[in-house]
Amino acid sequence: MPVLACLRAFALSIVLIVFAGPCFAGPFEDAVAKFANDDFSDTEDAIGVVAASGNPLAYPIISALQDERLMVDAETKKVYIKQLDGKAIDAATGAAVDSIPDSASTVSLNNRLRRTVDAALGGLTLLSPDLATRLAAAQSVFKSHEEAVLPTVESALAKETNRSAKTALGEARAAILLFKSDASEVDRLEAVATIKARGDQEAMGMLSDVGSDQPPAVAKAAASAVASIQSTLAIWSTVQNAWYGLSLGSVLLLAAIGLAITFGVMGVINMAHGEMVMLGAYTTFAVQEVIRTRYGGLFDYSLLIAVPLAFLVSGAVGVLIERSIIRFLYGRPLETLLATWGLSLVLQQAVRTMFGPTNREVGNPSWMSGAFELGHMTITYNRLWILCFTLAVFVLLLAMLRFTALGLEMRAVTQNRRMAASMGIATSRVDALTFGLGSGIAGIAGVALSQIDNVSPNLGQSYIIDSFMVVVFGGVGNLWGTLVGAFTLGIANKFLEPVAGAVLGKIAILVLIILFIQKRPRGLFALKGRAVEA
Amino acid sequence: MLTINHDIATSFSRRRWLAAAAGLVLGLTGFTNAKAADDTIKVGVLHSLSGTMAISETTLKDTILFLIDEQNKKGGVLGKKLEAVVVDPASNWPLFAEKARELITKDKVAVVFGCWTSVSRKSVLPVFKELNSILFYPVQYEGEESERNVFYTGAAPNQQAIPAVDYLMKQEKVKRWVLAGTDYVYPRTTNKILEAYLKSKGVAQDDIMINYTPFGHSDWQTIVADIKKFGSAGKKTAVVSTINGDANVPFYKELGNQGIKATDIPVVAFSVGEEELAGIDTKPLVGHLAAWNYFESIKTPANEKFIKEWQAYTKNPKRTTNDPMEAHVIGFNMWIKAVEKVKSTDADKVIDALPGTEAPNLTGGVSKMLPNHHITKPVFIGEIKGDGQFNVVYKTKDLVPGDAWSKELEGSKDLIGDWVGKKCGNYNVKTDKCLGSGS
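Residue numbers (the numbering used here), protein chains in the order written: chain F, 1 to 534; chain E, 1001 to 1439.
Below you can see the structure in the form of structure tokens.
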């Protein structure tokens, strides 16, 4: 009977393979040897065979490949793994090796190979004891949706206890089923529903990929899922733009608040204000240099150390400027403008001579790098910290103005200088301290800005115009006006940018401010009172 | 009354004093100039040493100083030593033209090596044409130009932009394109060429997103989020970046912060090399690409010798090398050869002698100066590694000759530059007419 003959032949061939296996070098060793060619297509083949082999060395080899720790010697064709503890092992056998020869080089990858490696690692680490590894594996399986990994996914799903890992594994399974050649229509529709529930941009991308080769019911379900995800994402994108506007507004506020104080109290147009910001940024650089060379462990606190130092440096320079130049130019706005403009050039050149004309690297501490997901929007840590920092500075400044003696004197001099003088307030001392305070806050702004912008002698130039825009728009001398003005301008800019582009967006904002000033020359929150000069 | 008399009295003696001082200064400079002109051949260096482009251009100034030093050790040229005249146009485009004029008329340089941005080159072109001097321009640019007084040792679009797009289309199977650039002539023209090329390959208008930002732009949040959104429509997306200067630093940082990995949306940059990456942490950028005609990581004897001598000269064992530096090496050697051939530094003689000159490049080939004043260059595509170097993932077999006029654009596909035969930079081969400077 033909069926019986077939079965017998099949059984015989299995027996032959099982017994003949150890006689020649298996496919695993051949695949590992392929790495030694350091050729992109050979490496791709090798990854596929090694990952599917089930050999316990598969995971160490592929993770070493990802970390640039898989070394090959072109002459002896031997492949080594450099382990994390510094020791080396032979990749084909796992035996320890004394040292890797100097002529060995790393197996190179390109982007396509990196995707293959990610997918392979995803399949290999689905059952890892570490939760974070399992989640990452589930995500990479979701992206690569390789059919061969389905059994591993299902067994991982059965064993999984953690809720977020279970959801991730469920989505990975759905992704595989949606594109599997022999999945049933019911399975596919269920998969579409699971992916739709995930609802983010990757899900939308995957559902848009559902082609005409799928049954029409599935294609229709995918299309409607895409439409619903799109409308949810559109709402989130508006919220995201508002967040970007807030973060831009916080940067504008930090830069402008010192100017609002000096402009408000003294009526002095300080064109060197941007350079105070720049000095604060360079102070941060200097602090980080000292920490880098002597106290390596303190790097994460470098910003905390830099803030008071920047305040003192910029504040001292501010007081110096006021006592030496501004004091003689009161009541002469044009001369003040020219003198402070010249001063800004002098400060820029001084910094250029001291530190060099090229940009300086200011590092981000570890707690300021990266981002997290809130719903469907990404919030980067550096911007979040800058927003919190700005609001803290603002509150401190308000408190200082409201509750301290100097604050009281500053407010009095702003409202009516002559009356304040008659009341016994030493107005010239208040002026010097106000200028120092405004410059000091600009210095603090420089610390924050060094995290998101290049630190160069021209740093101040990029912020001086924006600072004046905010102060003029918000109303001179009023802190709340500066706050509202800064955030309004930030949000307006960020909503215009996707529509008009960065360049036109900025132009549009300037035009809007000019038109606004025509209607309200004093700005949003103008100071009222008989003695306020026009 | 008293005041007026006083003013006249002081201004008279003040005027006399000023005149005497001016005369003395002029006399001294005239004297020193006359003396110096006999002894050395002056080479002008016109690169920004401050401002937004300093990050890229400062190392080119050091390269010319290094090359002059090496040449002087060999005895200089025509029996005279070379002397560098360095000026700083400070990333200020009109200042480039002023400084170029100063170099040619006051310092009497025989040749100028300089410029990076196309806007700086366009600013100095009228000066070089009027005063008939020579400019060696080492940077990749947008083409659409072939001037008699300029020698383009950097890549034309067919030696950088087009091969990069081909690589992404064929190897990475990219279907959607983001063309992001700084807002000036080079990115605008290059994107025009690339848009025409992509459409000729069947890419739909909806699959192309074009975006421009000002120099020094630092707030990339919205644009990077838009790229992420554009890239999640289900088709493989890539970014072709013509962003120039230090705006690249916050751009790459934002890409890293928002988690855009090269395996998802690769970014290929034309103006980011080893020098621009020297100041940032490149671990989040691993896999992003750059297209150049040279990489420091290419292992040839010529390149290893150059890197060793360069690091010894700058006394910095970590100092990087990059493509525009190699372009200056090739241009400088070609200029020396041409001067020695015609035994003179006269601009007209050297300009006529340069086409046909050959000089070795640092990647094992020999570059030749073509009649359109461009050179032949190999094309390499490299991926960023964790240490700031590049890993070459693709290279052309042979050297590609530079096309001054792009074949993709209507207004330029019939034009060629030919300063040997037709003595014209924009000769129309269909109508057999030289468009001249009227175009």
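We put the CB at the ideal spot given by N, CA and C, even for glycine. Small disclaimer: the values here were computed from a predicted structure and weren't measured.
- Between the stretch 1139-1152 of chain E and the stretch 1421-1434 of chain E there are three or more C-beta pairs closer than 8 Å, enough to call the two in contact.
- Residue pairing of E:Met1209 in beta bridges, as defined by DSSP: E:Val1178.
- In chain order, Pro357 and Thr358 make up the part of chain F whose C-beta sits under 8 Å from the C-beta of E:Thr1058.
- Of E:Leu1078, E:Ser1120 and E:Leu1103, the smallest CA-CA separation from E:Ala1090 is found for E:Ser1120.
- Non-local C-beta neighbours of F:Phe516 in its own chain, meaning closer than 6 Å and more than five positions away in sequence, are absent.
- F:Leu252 has its alpha-carbon roughly 14 Å from the corresponding atom of F:Met278.
- For the pair F:Phe263 and F:Val484, the CB atoms are not nearer than the 8 Å cut-off.
- With its beta carbon at least 8 Å from every one in chain E, F:Arg188 lies outside the interface.
- Within chain F, the C-beta atoms nearer than 8 Å to that of E:Asp1226 come from Pro498, in chain order.
- Taking C-beta atoms under 8 Å as the contact rule, E:Asn1191 and E:Ile1210 qualify, at a distance of about 6 Å.
- Here F:Arg411 has Leu401 as same chain residues with Cβ atoms under 8 Å from its own Cβ, once five neighbours each way along the sequence are excluded.
- Taking the C-beta atoms as reference points, E:Gln1140 is found no nearer than 8 Å to E:Ala1164.
- At the C-beta level, F:Leu121 and F:Ile81 stay beyond 8 Å of one another.
- Shown here, F:Arg327 sits in a helix according to DSSP, grouped into three states.
- When the alpha-carbon of F:Val313 is set against those of F:Trp341, F:Thr284 and F:Pro333, the nearest one is in F:Thr284.
- Annotation for E:Leu1065: Ala1084 place their beta carbon closer than 6 Å to its own, counting only its chain and skipping 5 residues before and after.
- Between E:Asn1303 and E:Leu1399 the beta-carbon gap is near 16 Å, outside 8 Å, which marks them as no contact.
- Closest in C-alpha terms to F:Thr340, from the list F:Leu298, F:Glu373, F:Ala405 and F:Asn270, comes F:Asn270.
- Residues of chain F with a Cβ closer than 8 Å to the Cβ of E:Ala1054 are, in chain order, Pro357, Thr358, Asn359 and Ser456.
- At a cut-off of 8 Å, the C-beta of F:Ser247 has a neighbouring C-beta in chain E.
- E:Thr1237 and F:Leu169 have their C-alpha atoms spaced approximately 26 Å apart.
- In the structure shown, the three-state DSSP call for F:Leu512 is helix.
- For the 8 Å CB-CB criterion, E:Asn1248 and E:Val1272 form a contact.
- With fewer than 16 other CB atoms across the displayed protein chains lying within 10 angstroms of its CB, F:Phe372 is exposed.
- Around the CB of E:Met1369, 16 or more other CB atoms lie within 10 Å, so the residue is classed as buried.
- About 13 Å separates the CB atoms of F:Ala217 and F:Ala191; that is not less than 8 Å, and the two are not in contact.
- Ranked by Cα distance from E:Lys1283, the options F:Arg323, F:Leu207 and F:Ser369 are led by F:Ser369.
- Going by DSSP, E:Ile1064 is part of the alpha helix (DSSP H) stretching over Ala1054 to Lys1073.
- Flagged as an interface residue toward chain E: F:Lys494, by a C-beta distance shorter than 8 Å.
- Taking a beta-carbon distance threshold of 8 Å, F:Arg112 counts as an interface residue toward chain E.
- Residues are counted here when their Cβ sits less than 8 Å from a Cβ of chain E; for the stretch 448-473 of chain F these are Ile452, Asp453, Asn454, Ser456, Pro457, Asn458 and Ser462, given in chain order.
- Using a CB distance cut-off of 8 Å, E:Gln1221 counts as an interface residue toward chain F.
- The residue among F:Thr238, F:Ala193 and F:Val239 with its C-alpha nearest the C-alpha of F:Ser224 is F:Ala193.
- F:Ala64 is positioned such that its CB atom lies no closer than 8 Å to that of F:Val50.
- Residue pairing of F:Ala316 in beta bridges, as defined by DSSP: absent, with no partner found.
- E:His1217 reaches chain F at Ala502, counting residues in chain order whose Cβ is nearer than 7 Å.
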